[in-house]
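Trainee: Pasting a structure below so you can have a look.
In the working numbering, the protein residues as written are 362 to 495.
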């Protein structure tokens, strides 16, 4: 097996330069992936808050409808309240699983990918230190 000690000075400089360049690219890729994951997780939290708010609005609208029915309110008034409930439910249904949704499994897999990029960068940096020591 060929080792770093078997390379000429020019070859060592080339390998060092190549690894340094790869470190830069790996670190950029890692930063992009981390930023995307963080943005998705942040957005997911915002979606959850909006969904909770809509669910509370639906519950309130349904309780108002129940009061209207219990007090024998005009059918048009009950129908209008049904329309409000349907509109709120439609908004809630539109949230569904947005493109920003990250399942726990996906989050773990993406974190593993980030860890592998970190390792690749560190490994190249360690090899550059070896070259510098020659």
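Ideal Cβ positions, reconstructed from N, Cα and C, are used throughout, including at glycine.
If you're wondering where the values come from, they're calculated on a predicted model, not measured in any experiment.
Counting beta carbon pairs with one atom in the stretch 415-431 and one in the stretch 374-387, are three or more of them shorter than 8 angstroms?
Mentor: No, because fewer than three Cβ pairs between the stretch 374-387 and the stretch 415-431 fall closer than 8 angstroms, the two stretches do not touch.
Trainee: How is residue 444 classed by DSSP in three states: helix, strand or coil?
Mentor: In the chain shown, the residue the question calls residue 444 occupies position 83. Helix, per DSSP.
Trainee: From what residue to what residue does the alpha helix (DSSP H) around residue 479 run?
Mentor: In the chain shown, residue 479 corresponds to position 118, counting from 1. Its alpha helix (DSSP H) spans residues 465-494.
Trainee: From this set, 467, 482, 489, 494, which residue's C-alpha is nearest residue 402's C-alpha?
Mentor: Counting from one through the chain shown, the residue named residue 402 turns up at place 41. Comparing Cα-Cα distances from residue 402 to each of 467, 482, 489, 494, the minimum goes to 467.
Trainee: Could you tell me if residue 449 is buried or exposed, where buried requires 16 or more neighbouring beta carbons within 10 angstroms of its beta carbon?
Mentor: Sequence index remark: in the chain shown, residue 449 carries index 88 (1-based). So residue 449 counts as buried.
Trainee: Should residue 442 go down as buried or exposed, given a rule of 16 or more other Cβ atoms within 10 Å for buried?
Mentor: For this step, residue 442 is matched to residue 81 along the chain shown. Label assigned to residue 442: buried.
Trainee: Output the distance between the C-alpha atoms of residue 473 and residue 407, rounded to the nearest integer angstrom.
Mentor: The residue labelled residue 473 in the question sits at position 112 within the chain shown. The residue labelled residue 407 in the question sits at position 46 within the chain shown. Each residue's Cα considered, the two are about 25 angstroms apart.
Trainee: Going by the beta-carbon positions, is the gap between residue 462 and residue 405 smaller than 8 angstroms?
Mentor: The residue given as residue 462 occupies position 101 in the chain shown. The residue given as residue 405 occupies position 44 in the chain shown. Cβ atoms of residue 462 and residue 405: closer than 8 angstroms.
Trainee: What is the residue span of the alpha helix (DSSP H) that residue 398 lies within?
Mentor: The residue you call residue 398 lines up with position 37 of the chain shown. Run containing residue 398: 370-431, per the alpha helix (DSSP H) assignment.
Trainee: Put residue 435 into one of helix, strand or coil per three-state DSSP.
Mentor: Here residue 435 refers to the residue found at position 74 of the chain shown. Three-state DSSP puts residue 435 in coil, outside helix and strand.
Trainee: Would you kindly work out how many angstroms separate the C-alpha atoms of residue 431 and residue 409, rounded to a whole number?
Mentor: If you number the chain shown from 1, residue 431 lands on position 70. If you number the chain shown from 1, residue 409 lands on position 48. Roughly 33 angstroms separates the two Cα atoms.
Trainee: Rounded to whole angstroms, what is the Cα-Cα separation between residue 434 and residue 412?
Mentor: Residue 434 sits at position 73 when you count from the first residue of the chain shown. Residue 412 sits at position 51 when you count from the first residue of the chain shown. Going by the C-alpha atoms only, they are around 30 angstroms apart.
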